[in-house]
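Everything below concerns the one structure shown next.
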Amino acid sequence: LRQPGERWLIRGPCEYVPPIGIEVAEKRTSIPLGESEGIYVRNTKTGEVRAVIGSTYMLTEEEEHWEKVLSSKVKELLEVNEMPYLGRSRFEQTILRESSSFDMCGLQVKGPRMEPKPFPVISLQVPHNAAVQINDYWQNKSRVEFGPVLVLLGPHEQFTLLSLSGGKPKRPHTVKSLYLLLGPDFVTDMVVVETADHARLSLQLAYNWIFDTTDALENQKEAAKLFSVPDFVGDTCKAMASRIRGAVASISFDYFHKNSARIIRAACLGLDNAGKVQDWYMFPENRLRITGVDIQSVAPGDEHISELLMKSVQMAIEITTNSLEASARYVGLVEVQQQEREQFDLVPISNRVFNHWKYQFKEFTSNAVSRWDA
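Numbered per our numbering, the sequence shown spans residues 4 to 377.
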């Protein structure tokens, strides 16, 4: 005998005429699901929630559809174009397209319905050379998936939301993402430094970076390090800027102006035992490797330094020009002297003797005339 308030399910095909005192609560049908599709189901007696994936399924009398709650930021990142499918199955997408209005979260189509609409399993397509971290708050565990892969969230799992810095100079919480790009890539930043003689300079730099995933692909502990720094862009730029400011603060403006490239690269990448600049620098916390530094521009921080820099450049140009002119004059003088020497050697000796005595005779005559006049 049935007890008051009891629920049961009659599976077809059959014809059922409910007697007096029995109410048909819902009419349920099987839900077709593909290998990468699923729905969330909750047991009304035990409260257990689970995900049914990859098979046609019909709810039992003790089960109901369960809605997974997502934060507004995660929903925005999961939405595609104007139709917020959130990775819904083809069955549910067809319902959305045929409906004039729908609820973004629960697929609750307005108007009369024969059965409640299912809440699909949340999915995310992770692109190539990217990684996503999923946290299970029920079992207090986390896992990292590397792309290309389609990730399906369990009922108690959530994505790790990355909030990265952006702009020049860097501002926090500018870029939102659900997956982490592993590189190689670059990040630009503006750094203001001050030399030992109090000259302020503005540097525009670009850091080349890549994540070291040698051990992370096989070891989940190493993979979790990739997400240990929530804003790796901002932290990297701050760390590099601090190293550069420390190196520049101990040298003069003239020395930095002549050796700026080596000073900045040595500050960012470090030096080996031989005193040479290393090929890369690694942050052990998240396995981020800096492989190069590109100095895009160096500009003075105030007008006084700008004027001094312009004068220094003009003086350097003038010195170079004067040096070239002096070198050219010297070469021309040497050539003229060489030509005169060659012409002098070609004159016969008799002519040179005649000219010598002729000069002596003119000098004697002039002296005699001067004595006579006196």
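For each residue, glycine too, the CB sits at the ideal point set by N, CA and C.
| query | result |
| --- | --- |
| Just to confirm the assignment, what range does the alpha helix (DSSP H) spanning R265 have? | S263 to L272 |
| So what does H68 bridge to, in DSSP terms? | V44 |
| Excluding the 5 residues preceding and the 5 following N132 in the sequence, name in chain order all residues of the same chain whose CB lies nearer than 8 Å to its CB. | G150, L184, L185 and G186 |
| With L167 and V178 assumed to form a contact (beta carbons below 8 Å), what rounded beta-carbon distance in angstroms separates them? | 4 Å |
| Look up S245 in the DSSP assignment and say whether it is helix, strand or coil. | helix |
| From I25, R268 and F286, pick the residue whose C-alpha is nearest to that of V280; which is it? | R268 |
| Using a 10 Å radius around the Cβ and a threshold of 16 neighbouring Cβ atoms, would you call C240 buried or exposed? | buried |
| Whole angstroms is fine: what's the gap from N262's alpha carbon to V251's? | 11 Å |
| According to the neighbour-count rule (16 or more other Cβ atoms, all chains shown, within 10 Å of its Cβ), is L220 buried or exposed? | exposed |
| State the start and end residues of the unbroken alpha helix (DSSP H) segment that holds A227. | Q223 to A227 |
| Looking at the unbroken alpha helix (DSSP H) that takes in V296, where does it start and where does it end? | Here V296 belongs to no alpha helix (DSSP H); instead the beta strand (DSSP E) covers L291 to P303. |
| Who are the Cβ neighbours of E38 in its own chain at under 6 Å, not counting the five residues just before and after it? | G57 |
| Does the segment 308 to 322 come close enough to the segment 206 to 214 that 3 or more CB-CB pairs lie under 8 Å? | no |
| Should the segment 44 to 62 be called in touch with the segment 72 to 80, which here means at least 3 C-beta pairs below 8 Å? | no |
| What residues match up with M285 in a beta bridge as DSSP calls it? | R292 |
| Pick helix, strand or coil for R344, following the three-state DSSP scheme. | helix |
| So, helix, strand or coil for T191, using DSSP? | strand |
| Pull up the DSSP beta-bridge partners for A219, would you. | The partner list for A219 (beta bridge, DSSP) is empty, contrary to what the question assumes. |
| Classify Y333 as buried or exposed, calling it buried when 16 or more other Cβ atoms lie within 10 Å of its own Cβ. | exposed |
| Using the Cβ count rule (16 or more neighbours within 10 Å means buried), how would you classify P123? | buried |
| Considering only the beta carbon of each residue, do V194 and L206 sit closer than 8 Å? | yes |
| Output the distance between the C-alpha atoms of E197 and R146, rounded to the nearest integer angstrom. | 45 Å |
| Rounded to a whole number of angstroms, what is the C-alpha to C-alpha distance between T59 and A227? | 35 Å |
| Is it buried or exposed for E343, if we count other Cβ within 10 angstroms and need 16 for buried? | exposed |
| Check this for me: beta carbons of Q299 and L208, under 8 Å apart or not? | yes |
| Going by DSSP, which residues form a beta bridge with V147? | Q136 |
| Using the Cβ count rule (16 or more neighbours within 10 Å means buried), how would you classify G24? | exposed |
| For a test of the three-state rule: what should DSSP assign to T163, helix, strand or coil? | coil |
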